[in-house]
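Listed in order, the protein sequences are those of chains A and B.
Mind the numbering: the first sequence is residues 0 to 263 in numbering that gives the first Met the number 0, read in order.
Mind the numbering: the second sequence is residues 0 to 263 in numbering that gives the first Met the number 0, read in order.
Ideal placement from N, C-alpha and C gives every residue a C-beta, glycine not left out.
Values in this document were obtained by computation on a predicted structure and should not be read as measured data.
Protein chains: 2
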Amino acid sequence: MIRIDDPDDPRIAAYRAVRERDVVGRGERFVAEGEVVLRLLLGDSSRHQAESVLIAESRVAGLEPLLGAAGHVPIYVASPAVMDAIVGFHIHRGVLAIGRRAPAEDAAALLARLPPRALVVALVGVSNHDNVGGVFRNAAAFGADAVLLDGASCDPLYRKAIRVSVGASLVTPFARGGSGWELLDALADAGFTTFALSPSGELTLEEARPAARTCVMLGAEGPGLPHALMARATTVRIPMAHGFDSLNVATTSGIALYRLARGA
Amino acid sequence: MIRIDDPDDPRIAAYRAVRERDVVGRGERFVAEGEVVLRLLLGDSSRHQAESVLIAESRVAGLEPLLGAAGHVPIYVASPAVMDAIVGFHIHRGVLAIGRRAPAEDAAALLARLPPRALVVALVGVSNHDNVGGVFRNAAAFGADAVLLDGASCDPLYRKAIRVSVGASLVTPFARGGSGWELLDALADAGFTTFALSPSGELTLEEARPAARTCVMLGAEGPGLPHALMARATTVRIPMAHGFDSLNVATTSGIALYRLARGA
Chain A
0 MIRIDDPDDP RIAAYRAVRE RDVVGRGERF VAEGEVVLRL LLGDSSRHQA
50 ESVLIAESRV AGLEPLLGAA GHVPIYVASP AVMDAIVGFH IHRGVLAIGR
100 RAPAEDAAAL LARLPPRALV VALVGVSNHD NVGGVFRNAA AFGADAVLLD
150 GASCDPLYRK AIRVSVGASL VTPFARGGSG WELLDALADA GFTTFALSPS
200 GELTLEEARP AARTCVMLGA EGPGLPHALM ARATTVRIPM AHGFDSLNVA
250 TTSGIALYRL ARGA
Chain B
0 MIRIDDPDDP RIAAYRAVRE RDVVGRGERF VAEGEVVLRL LLGDSSRHQA
50 ESVLIAESRV AGLEPLLGAA GHVPIYVASP AVMDAIVGFH IHRGVLAIGR
100 RAPAEDAAAL LARLPPRALV VALVGVSNHD NVGGVFRNAA AFGADAVLLD
150 GASCDPLYRK AIRVSVGASL VTPFARGGSG WELLDALADA GFTTFALSPS
200 GELTLEEARP AARTCVMLGA EGPGLPHALM ARATTVRIPM AHGFDSLNVA
250 TTSGIALYRL ARGA
């Protein structure tokens, strides 16, 4: 463990101005926060590498066993005041880490290495960090094999998305980029049946018969999936009460995965 | 419509320091924000009364039909700068309203007036505003008849809870107060079968057979429902992947309501 007393110490430069960097991006690195997320980042199921950890001195004793398993990853320890000065705002939980992304792969490469029976989620235009995080949490809870995101959907390794996912976006494989059309092509090429969720879907979720390889595709709340995209998939609706047919997109993913993981 | 140019105008006193009042409470009044929520507040399905509306001048033209239906409710119009000065922070959507609560009723009184076939949600210790709002949104989407909340759960008419519910907490009847025990007693007295959701539940959600009057009971994320409370109900689990058995409480409500509304 390395004691940090100077907020300008060059060793912890990656932690400076976390919030601003969230907006402009930070290339190959990402920021993880909180004990539960750190445990996943340091664990065997993480697809990404921990580069360093920064914790408040008050958390050291409680995190001892976890930090002992961190191997050669540098652990920086600071007072809460120094930590806040480094980061630029108050870190309630006193636990931060910098991760380094696994090499990116495209949707086709990711789908090619999935098992013959597979369940994946595809997001088109879902730019809200809470929703993307919530979808990953549900994907992990129901054992989905991967998440595909078009280029307009937000980065699952954005700090808030990781936090809302409770770390699931560190463990569930994902590919991000391209258009919804390209995702649909890659899914078809890999033998997936894609169910496009929409309040106007032709089948109810109960009627949808999952295939060996099944994808649940979701659009952003409000606009939903583009009509031209839905015309190329099997559209599926979740029956709702008249006059209030509105579900959050993460909740929708949870209901669809519950049904399709059970039915597969 | 009444033009407001002075942030200290006594007519709009109810809008001052919205954020601080959120914390200390505002008695019989609540704050609603955004066009979708305002539409529900002014609509026939709202259980509560609109007392006044405050909108940015830029929104007047677009909201004309809605505001025309507001009847005798005063509509205050201000510049964005005056509106921000009144409220104390920036209101992105430029639409606020003050509502007056319907008279409170207790769980027993609410349950007594529900139909013979009814589906309700009960929350115990769910103090997170996003989660309570999300539960109400799902309750409305699946046509649940009411939501019961113990006294430790947060007020569904807190501004953020209303917003996250997309206004559902204005239309779905609820009762709040007392302990989880008292809710369970009131449910039993009214002939409800209560399913207590827990990762360690004895039945899977598929196995749970809804009764004519069914209640889904949920605890806070983390602690969950008290064990002694679960001992008095039928406990139900949503099967999840090994190693990541964690769902958000609002998502859990959505999955349970999807299953039980369909199965009832």
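Hey, quick one: how far does the beta strand (DSSP E) through residue 216 (chain B) stretch, first residue to last?
As a first step, residue 216 (chain B) is located in the second sequence; it is residue number 217 there, counting from the start. Taken as a continuous stretch (DSSP letters only), the beta strand (DSSP E) holding residue 216 (chain B) covers 212 to 218.
Mind checking residue 203 (chain B): buried by the 16 CB within 10 Å criterion, or exposed?
Residue numbering aside, residue 203 (chain B) sits at position 204 when the second sequence is read from its first letter. Of the other Cβ atoms in all chains shown, fewer than 16 fall within 10 Å of the Cβ of residue 203 (chain B); this residue is therefore exposed.
Could you name the residues of the same chain whose beta carbon sits closer than 7 angstroms to that of residue 18 (chain B), not counting the 5 residues immediately before and after it, in chain order?
Your numbering for residue 18 (chain B) matches position 19 in the second sequence. 87, 88.
Hey, is residue 257 (chain B)'s beta-carbon within less than 7 angstroms of any beta-carbon in chain A?
Numbered from 1 along the second sequence, position 258 holds the residue referred to as residue 257 (chain B). For residue 257 (chain B), the answer is yes, since a Cβ of chain A falls inside 7 angstroms of its Cβ.
Interface positions of the stretch 135 to 154 of chain A facing chain B (Cβ-Cβ less than 8 angstroms), listed along the chain
Only 136, 137, 139, 140, 141, 142 from the stretch 135 to 154 of chain A bring a Cβ to less than 8 angstroms from some Cβ of chain B.
Pull up the DSSP beta-bridge partners for residue 32 (chain A), would you.
For the purposes of this step, residue 32 (chain A) is taken as residue 33 along the first sequence, with counting starting at 1. In DSSP, residue 32 (chain A) forms a bridge with A:95.
Residues of the stretch 239 to 252 of chain B whose Cβ lies closer than 9 angstroms to any Cβ of chain A, in chain order:
When C-beta distances to chain A are compared with 9 angstroms, the residues of the stretch 239 to 252 of chain B below that value are 239, 240, 241, 242, 243, 244, 245, 246, 247, 249, 250, 251, 252, in chain order.
Excluding five sequence neighbours on each side, which residues of the same chain lie with their C-beta closer than 8 angstroms to the C-beta of residue 105 (chain A)?
Locating residue 105 (chain A) in the first sequence gives position 106, where the first residue counts as 1. The beta carbon of residue 105 (chain A) lies closer than 8 angstroms to those of 174, 176, 177, 185 in the same chain, with the five residues before and after it left out.
What does the Cβ neighbour count give for residue 208 (chain A), buried or exposed, with the cut at 16 atoms within 10 Å?
Locating residue 208 (chain A) in the first sequence gives position 209, counting from the first residue. Label assigned to residue 208 (chain A): exposed.
Using a threshold of 7 angstroms, state whether the C-beta atoms of residue 232 (chain B) and residue 171 (chain B) are closer than that.
Here residue 232 (chain B) refers to the residue found at position 233 of the second sequence. Here residue 171 (chain B) refers to the residue found at position 172 of the second sequence. Their beta carbons are not under 7 angstroms apart, which means residue 232 (chain B) does not touch residue 171 (chain B) by this criterion.
Indicate the three-state DSSP secondary structure (helix, strand or coil) for residue 14 (chain A) in the structure shown.
Position 15 of the first sequence, counting from 1, holds the residue named residue 14 (chain A). If DSSP states are grouped into helix, strand and coil, residue 14 (chain A) belongs with the helices.
For residue 244 (chain B), which residues from the same chain have a beta carbon less than 6 angstroms from its beta carbon, with the 5 sequence-adjacent residues on both sides left out?
Position 245 of the second sequence, counting from 1, holds the residue named residue 244 (chain B). Cβ-Cβ distances below 6 angstroms link residue 244 (chain B) to 198 in the same chain, with the five nearest sequence neighbours on each side left out; the list follows chain order.
Locate the beta strand (DSSP E) running through residue 51 (chain B), then write down its first and last residues.
To locate residue 51 (chain B), count along the second sequence from 1; it is residue 52. Element bounds for residue 51 (chain B): 48 to 55.
Pairwise C-alpha distance: residue 50 (chain A) and residue 8 (chain A):
Along the first sequence, read from residue 1 onward, the residue named residue 8 (chain A) stands at position 9. Along the first sequence, read from residue 1 onward, the residue named residue 50 (chain A) stands at position 51. If I take the Cα positions, the gap works out to 17 angstroms.
Residue range of the unbroken alpha helix (DSSP H) whose run includes residue 139 (chain B)
In the second sequence, the residue the question calls residue 139 (chain B) occupies position 140. Counting along the chain, the alpha helix (DSSP H) containing residue 139 (chain B) begins and ends at 128 to 140.
Proximal residues, the stretch 115 to 136 of chain B versus chain A, C-beta separation under 7 angstroms
Of all residues in the stretch 115 to 136 of chain B, 133, 136 have a Cβ within less than 7 angstroms of some Cβ in chain A.
Taking three-plus beta-carbon pairs below 8 angstroms as touching, is the stretch 211 to 221 of chain B in contact with the stretch 109 to 120 of chain A?
Note that the stretch 211 to 221 of chain B does not touch the stretch 109 to 120 of chain A; fewer than 3 beta-carbon pairs, one per stretch, sit closer than 8 angstroms.
Give the range of the beta strand (DSSP E) segment to which residue 3 (chain A) is assigned.
Here residue 3 (chain A) refers to the residue found at position 4 when the first sequence is read from its first residue. For residue 3 (chain A), there is no enclosing beta strand (DSSP E), since its DSSP letter is neither H nor E.
Under 8 angstroms between beta-carbons, which chain B residues line up against residue 63 (chain A)? List them in chain order, please.
The residue labelled residue 63 (chain A) in the question sits at position 64 within the first sequence. Residues of chain B whose Cβ lies closer than 8 angstroms to the Cβ of residue 63 (chain A) do not exist, since the nearest Cβ in that chain is about 22 angstroms away.
Starting from residue 201 (chain B), find everything on chain A with Cβ-Cβ shorter than 8 angstroms and list it in chain order.
Here residue 201 (chain B) refers to the residue found at position 202 of the second sequence. Chain A residues near residue 201 (chain B): none, gap ~18 angstroms exceeds 8 angstroms.
Count the CB pairs spanning the stretch 78 to 98 of chain B and the stretch 123 to 138 of chain B that are closer than 8 angstroms, and state whether there are at least three.
These segments do not touch.
9 angstroms Cβ cut-off: residues of chain B touching residue 205 (chain A)
Here residue 205 (chain A) is taken as the residue at index 206 of the first sequence, counted from 1. 261, listed in chain order.
Would you tell me roughly how many angstroms separate the C-alpha atoms of residue 27 (chain B) and residue 100 (chain B), rounded to the nearest one?
Counting from 1 along the second sequence, the entry for residue 27 (chain B) is found at position 28. Counting from 1 along the second sequence, the entry for residue 100 (chain B) is found at position 101. Going by the C-alpha atoms only, they are around 5 angstroms apart.
Figure out for me which residue from B:165, B:183, B:94, B:228 has the closest Cα to the Cα of residue 131 (chain B).
Here residue 131 (chain B) refers to the residue found at position 132 of the second sequence. Cα-wise, what sits closest to residue 131 (chain B) is B:165.
Once the 5 residues before and after residue 183 (chain B) are set aside, which same chain residues still bring their CB inside 7 angstroms of it?
Start at 1 with the first residue of the second sequence, and residue 183 (chain B) comes out as number 184. Around residue 183 (chain B): 193, 228, 231, 232.
Closest by CA to residue 57 (chain B), which one among B:77, B:181, B:4?
Taking the first residue of the second sequence as position 1, residue 57 (chain B) is located at position 58. When each option's Cα is compared against that of residue 57 (chain B), the closest is B:77.
Helix, strand or coil, according to DSSP, for residue 175 (chain B) in the structure here?
Start at 1 with the first residue of the second sequence, and residue 175 (chain B) comes out as number 176. Residue state for residue 175 (chain B) is assigned as strand, using DSSP reduced to three classes.
With DSSP as the reference, label residue 158 (chain B) as helix, strand or coil.
Taking the second sequence and counting its residues from 1, the one referred to as residue 158 (chain B) is at position 159. Three-state DSSP puts residue 158 (chain B) in a helix.
Straight-line Cα distance separating residue 211 (chain B) from residue 263 (chain B):
Here residue 263 (chain B) refers to the residue found at position 264 of the second sequence. Here residue 211 (chain B) refers to the residue found at position 212 of the second sequence. The pLDDT assigned to residue 263 (chain B) is 43, lower than 50, so where the model puts this residue is not dependable, and the model offers no usable value.
Would DSSP call residue 248 (chain B) helix, strand or coil?
Along the second sequence, read from residue 1 onward, the residue named residue 248 (chain B) stands at position 249. In the three-state reduction of the DSSP assignment, residue 248 (chain B) falls in the helix class, which pools H, G and I.
Classification of residue 44 (chain A) by the beta-carbon crowding that lies within 10 angstroms, buried from 16 upward
Walking along the first sequence from the start, residue 44 (chain A) turns up at place 45. Exposed, because fewer than 16 other Cβ atoms sit within 10 Å of the Cβ of residue 44 (chain A).
Using beta-carbon positions only, say whether residue 96 (chain B) and residue 31 (chain B) come within less than 7 angstroms of one another.
Counting from 1 along the second sequence, the entry for residue 96 (chain B) is found at position 97. Counting from 1 along the second sequence, the entry for residue 31 (chain B) is found at position 32. When the beta-carbon positions are compared, residue 96 (chain B) and residue 31 (chain B) come within less than 7 angstroms of each other.
With a Cβ-Cβ cutoff of 7 angstroms, do residue 235 (chain B) and residue 196 (chain B) count as a contact?
Indexing the second sequence from 1 puts residue 235 (chain B) at position 236. Indexing the second sequence from 1 puts residue 196 (chain B) at position 197. Contact: yes.
Tell me the residue span of the alpha helix (DSSP H) that contains residue 80 (chain B).
One-based indexing of the second sequence puts residue 80 (chain B) at position 81. Counting along the chain, the alpha helix (DSSP H) containing residue 80 (chain B) begins and ends at 79 to 86.
Rounded C-beta distance between residue 160 (chain A) and residue 154 (chain A)? I'm assuming under 8 angstroms.
Here residue 160 (chain A) is taken as the residue at index 161 of the first sequence, counted from 1. Here residue 154 (chain A) is taken as the residue at index 155 of the first sequence, counted from 1. The C-beta distance from residue 160 (chain A) to residue 154 (chain A) rounds to 7 angstroms, short enough to fall under 8 angstroms.
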